[in-house]
Ligand code: SF4
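Numbering (my numbering), first residue to last: 45 to 197.
This is the structure in structure tokens:
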């Protein structure tokens with residue numbers, strides 16, 4: 045998802061490779077924060093930790109490329125992208141990871157671009173921080189039943 049979003053932005057905005065490398069660092073920091081404070085494993089916390097994390101990473105990187113400031117707008121982009129996946133379980137059809145995963149990732153890539161645009165356009169204070177959304181993800185993951193598809197390995 046992250047490469048797809050970055051490629052779209054590089055080709056449409058004619059960005060140099062150096063900017064893409066910097067955006068990858070931004071995405072990586074978001075992923076590291078989520079791995080350290082929640083989980084990025086679908087088998088552990090459901091799809092929110094997998095597709096949700098990827099969408100937050102892509103949104104943060106896209107926001108950076110759109111000129112978002114690291115203090116507020118990149119944080120807002122990651123939070124906006126992530127919040128729509130909170131509670132999403134891992135439910136591969138017949139145990140195959142192609143369905144619904146491919147469609148979920150494609151839709152989340154579009155959501156990441158929207159979240160980045162919103163973050164740059166919006167003014168004012170955010171009511172929910174990225175850290176709060178990540179904490180919610182961790183709590184929801186802990187609450188998931190061991191018998192639910194979202195935590196079945
Ligand atoms: S539904 Fe697919 S993308 Fe989501 S956690 Fe499960 S295997 Fe991964």
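Just so you know, even glycine gets a beta-carbon here, dropped at the ideal spot from N, CA and C.
Listed in chain order, the alpha helix (DSSP H) elements of length 4 or more contained wholly in the stretch 79–115 are 86–89 and 95–109. Residues whose Cβ lies closer than 7 Å to any heavy atom of the ligand SF4, listed in chain order: 86, 90, 91, 94, 95, 134, 135, 136, 141, 144, 145, 148 and 149.
In this structure, residue 49 keeps its C-beta atom at 8 Å or more from the C-beta atom of residue 107.
Secondary structure at residue 124: helix, using DSSP grouped into helix, strand and coil. When only Cα atoms are considered, residue 55 and residue 96 end up about 25 Å apart. Here residue 75 carries a helix assignment [DSSP, helix/strand/coil]. For the pair residue 94 and residue 185, the CB atoms are not nearer than the 8 Å cut-off. Between the alpha carbons of residue 85 and residue 102 lies a distance of about 17 Å. Looking at the backbone, the Cα of residue 132 and that of residue 157 are separated by about 20 Å.
According to the DSSP assignment, residue 176 belongs to the alpha helix (DSSP H) that extends over 174–187.
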